[in-house]
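Visitor: Numbering (the UniProt record's numbering), first residue to last: 1 to 101.
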Amino acid sequence: MTLPTKDQQTELESAAFRRLVSHLRNRPEVQNIDLMNLAGFCRNCLSNWYLDAAKDKGLDLTKDESREIVYGMPYEEWKALHQREASTDQQQAFEKNRPKE
């Protein structure tokens, strides 16, 4: 087995991230609360991690800009088009499973 170089690893991780973001953009019916309840992260988490990485590199990126990168449109627009009201069951599951900081 040949392990990737550091540069190749970065390229592979970047490609995997882009594919995940693309997949989530193509599945707007999957609600963020469902992602949180199943996996402990959602689109907002990805945008926050992206923002953290940008700040670590000294880039002047805003929360709204990082969300637009992940959502493919302004967050408020995505919410208006795709976000549904969370059910009582979804909210209860979220409260039970929410990540502890």
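Backbone N, C-alpha and C define an ideal beta-carbon position, used for all residues, glycine too.
Please read these numbers as outputs of a predicted model, since none were measured by experiment.
(1) Pick from 50, 37, 42: whose alpha carbon is nearest that of residue 94?
(2) Just the Cα atoms here: how many angstroms apart are residue 41 and residue 67?
(3) Looking at the secondary structure, which residues open and close the alpha helix (DSSP H) in which residue 17 lies?
(4) Report the rounded CA-to-CA distance for residue 98 versus residue 91, giving the unit in angstroms.
(5) Under the three-state reduction of DSSP, which class applies to residue 88: helix, strand or coil?
(6) Going by beta carbon distance, what residues of the same chain come within less than 7 Å of residue 50, once the five residues before and after it are set aside?
(7) Give the DSSP-derived three-state secondary structure of residue 94 in the structure shown.
(8) Just curious, the alpha helix (DSSP H) that residue 70 is in, first and last residue?
Guide: Taking the definition as stated:
(1) The residue with the shortest Cα to Cα distance from residue 94 is 37.
(2) Those two C-alpha atoms are separated by around 14 Å.
(3) Where residue 17 is concerned, the enclosing alpha helix (DSSP H) stretches over 6-25.
(4) C-alpha separation (whole angstroms): 10 Å.
(5) Three-state result, residue 88: helix.
(6) Listed in chain order, the non-local C-beta contacts of residue 50 below 7 Å within the same chain comprise 66, 69, 70, local neighbours out to five positions each way being set aside.
(7) When DSSP states are grouped into helix, strand and coil, residue 94 belongs to the helix group.
(8) According to the DSSP assignment, residue 70 belongs to the alpha helix (DSSP H) that extends over 63-71.
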